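Residue numbers (our numbering): 28 to 163.
Here's the structure we're looking at; comments come further down.
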């Protein structure tokens with residue numbers, strides 16, 4: 028049975044805060060070396076002329092890159108993102124798995140690289156197949 032990740036959401040002062048798995052406050056309970064990456068990204072490509080940003084933090088094992096936890100914050104609804112991250116943790120995914128996960132793309136609605144792909148790529152220092160050249 029997969030472990031429970033303690034996924035939660037809170038809406039406060041116009042912001043949506045979502046969290047799953049390991050957090051800064053619980054990182055010392057992990058038996059390995061914890062690393063993290065923080066990224067702020069636009070939710071939409073420039074050509075859509077839509078406002079929306081997301082702040083993201085991911086926690087992972089520094090040695091094997093297994094995903095341990097994460098938090099997202101935005102004024103937009105990003106609850107589907109934390110659900111995806113929770114499933115990735117429960118399934119034993121690594122940053123490499125998340126970086127190249129085939130997350131839906133639909134022109135006029137979102138960007139080719141989902142923000143979770145971007146978060147994992149950033150944690151890997153964009154060393155996945157030249158992905159740094161493809162980001163908005």
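The beta carbon of each residue, even a glycine, is placed where N, CA and C say it ideally should be.
Given the structure is predicted, the values throughout are model-derived calculations rather than measurements.
Contact check, residue i vs residue j under 8 Å by CB: the rounded distance?
{"i": "residue 122", "j": "residue 147", "result": "5 Å"}
{"i": "residue 70", "j": "residue 57", "result": "About 30 Å separates the two Cβ atoms, so there is no contact after all."}
{"i": "residue 115", "j": "residue 125", "result": "6 Å"}
{"i": "residue 87", "j": "residue 94", "result": "5 Å"}
Measure from the alpha carbon of residue i to the alpha carbon of each residue in the options, then state which is nearest.
{"i": "residue 103", "options": "52, 68, 53", "result": "68"}
{"i": "residue 91", "options": "143, 37, 120, 74", "result": "120"}
{"i": "residue 36", "options": "105, 74, 61", "result": "105"}
What do you reckon, is the C-beta of residue i under 6 Å from a heavy atom of the ligand ZN?
{"i": "residue 62", "result": "What this structure holds is no ligand at all, so the ligand ZN is not there to describe."}
Applying the 10 Å Cβ sphere with the 16-neighbour rule, what's the burial state of residue i?
{"i": "residue 42", "result": "exposed"}
{"i": "residue 131", "result": "exposed"}
{"i": "residue 157", "result": "Note that residue 157 scores a pLDDT of 49, beneath 50, so its modelled location is shaky; the value from the coordinates is reported in the next line. So residue 157 counts as exposed."}
If you drop the 5 nearest sequence neighbours on each side, which residues of the same chain put their C-beta closer than 6 Å to that of residue i?
{"i": "residue 66", "result": "83, 146, 149"}
{"i": "residue 9", "result": "Beyond the ends of the chain as shown, which are 28 and 163, falls residue 9; an answer cannot be given."}
Below 8 Å CB to CB, which residues in the same chain sit around residue i once its five sequence neighbours on both sides are set aside?
{"i": "residue 113", "result": "32, 34, 47, 48"}
If we require 4 or more residues per run, which alpha helix (DSSP H) segments fall completely within the stretch 91-148?
Counting whole runs of 4 or more residues, the stretch 91-148 contains the alpha helix (DSSP H) stretches 106-117, 122-126.
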